[in-house]
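Residue numbers (the numbering used here): 317 to 654. Quick reminder that beta carbons are idealized off the backbone N, C-alpha and C, glycines included. Just so we're clear, the structure is a prediction, and the values are computed from it rather than from any experiment.
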Ligand code: SAH
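Following this line, the structure appears as structure tokens:
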């Protein structure tokens with residue numbers, strides 16, 4: 317049985333039409349779910365009992381649940397239990413510019429980045445669209461507020477679950493759906509080149525972030541196995557095409573790992589690599605985890621200064637929630653380790 321939250325509005329219209337109902341029913345259903353946030357079908361008073369029965373008999377409307385929530389001043393970390401007892405996480409962050417949520421796209425991840433806790437636990441399965449939608453709906457219900465932006469940067473590689481993630485983005489972006497503007501949505505990938513090419517053909521103004529994390533193949537091969545499939549030169553070429561095609565600026569994420577990628581030489585090499593491109597570099601302080609031997613770099617400021625000196629747009633990501641395991645798969649892996 318397909319889940320009702322897997323449907324975009326037009327797909328739901330078509331579904332109802334094919335089953336002998338008016339397509340307008342989809343708008344009523346969307347209104348109850350996404351505008352009124354009424355998840356008990358029995359309260360949908362403008363919909364007849366016969367139609368309600370059809371929906372109940374034919375579409376699933378199960379919810380994932382909040383298993384655990386950890387908060388500090390600016391961050392709340394949610395551990396969700398899926399219907400099949402798997403776990404994923406999302407993080408709510410209070411920025412000066414509003415509320416953002418970082419959601420997961422897979423249970424585990426197969427990309428195998430050496431420094432990453434999510435990749436320590438292999439992929440179990442892709443998330444369905446509804447499981448991504450519900451991470452948002454449940455957080456909004458929990459905080460009794462609407463969120464302003466979404467990053468798909470939690471557990472998983474979104475471009476390894478491409479179709480469900482695109483479907484999710486369209487539901488989020490739809491004014492009749494969750495209604496968050498495309499410019500407030502960011503999808504982050506470790507660099508699956510064919511999917512980046514596919515993504516540039518989508519008619520979406522969504523932001524693209526790339527986990528670059530190294531200025532050359534030697535270092536990138538060492539920490540990111542994906543680089544053996546799509547090397548850094550191919551990745552950068554693809555991004556140049558992407559930028560030319562979409563006219564959009566790309567974010568390059570660079571996690572600062574002590575003694576691995578944090579030297580001034582690395583900063584210079586990075587500046588050479590991306591010279592003239594419409595990108596900005598986001599330096600990420602590494603969040604140390606107990607399982608992995610990488611250490612946080614103390615050289616972030618010097619690295620930042622060097623990139624600035626070389627004329628590169630660069631920011632340092634604020635650290636959110638490292639005390640509450642709010643980084644990348646740490647809550648889930650604790651739950652799984654139990
Ligand atoms: N698979 C996607 C999205 C999920 S990872 C991607 O690779 O972009 C989200 C980001 O967090 C990536 O840039 C990832 O490299 C980074 N990351 C993973 N573990 C981290 C850690 N312990 N500290 C800081 N950043 C980390």
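Restricted to the region 489-531, the alpha helix (DSSP H) segments that are unbroken, complete and at least 4 residues in length are 509-517, listed in chain order. Around the beta carbon of residue 317, fewer than 16 other beta carbons sit within 10 angstroms, so the residue counts as exposed. Non-local beta-carbon contacts of residue 635 in its own chain, meaning distances under 8 Å to residues more than five positions away in sequence, involve 601 and 603 in chain order.
Within the DSSP secondary-structure output, residue 414 pairs in a beta bridge with 411. In this structure, the C-beta of residue 433 approaches the ligand SAH to less than 7 Å from one of its heavy atoms. Between the alpha carbons of residue 564 and residue 466 lies a gap of roughly 18 Å.
Here residue 600 is bridged, per DSSP, to 571.
Annotation: residue 623 to residue 580 spans about 9 Å, alpha carbon to alpha carbon. Residue pairing by DSSP puts residue 392 in a beta bridge opposite 387 and 408. Proximity to residue 592 across 599, 609, 530 and 626 peaks at 626, based on C-alpha coordinates.
With contacts defined by Cβ atoms closer than 8 Å, residue 578 and residue 613 form a contacting pair.
At least one heavy atom of the ligand SAH falls within 7 Å of the beta-carbon of residue 602.
Under a 10 Å Cβ-count criterion, residue 326 is classified as exposed, with fewer than 16 other Cβ atoms of the shown protein chains found around its own Cβ. Counting along the chain, residue 445 sits inside no beta strand (DSSP E); it lies in the alpha helix (DSSP H) bounded by residues 445-459.
Judged by DSSP secondary structure, residue 631 falls within the beta strand (DSSP E) whose first and last residues are 630-632. Proximity of the beta carbon of residue 582 to the ligand SAH is not indicated: no heavy atom of the ligand is located closer than 7 Å. For residue 416, the CB stays at least 7 Å from every heavy atom of the ligand SAH. Take residue 438, set aside five residues on each side of it, and the residues of its chain with a beta-carbon closer than 7 Å to its own are 424 and 426, in chain order. Using a cutoff of 7 Å, the CB of residue 529 counts as near the ligand SAH, since one of the ligand's heavy atoms is closer than that.
In the DSSP secondary-structure assignment, residue 441 is bridged to 423. Its chain contains 531 as the residues whose beta carbon lies nearer than 6 Å to that of residue 586, once the 5 sequence neighbours on both sides are disregarded; these appear in chain order. Bridge pairing for residue 381: 397 [DSSP]. Residue 371 sits in a helix when the DSSP states are folded into three classes.
In the structure shown, residue 376 adopts extended strand secondary structure according to DSSP, grouped into three states.
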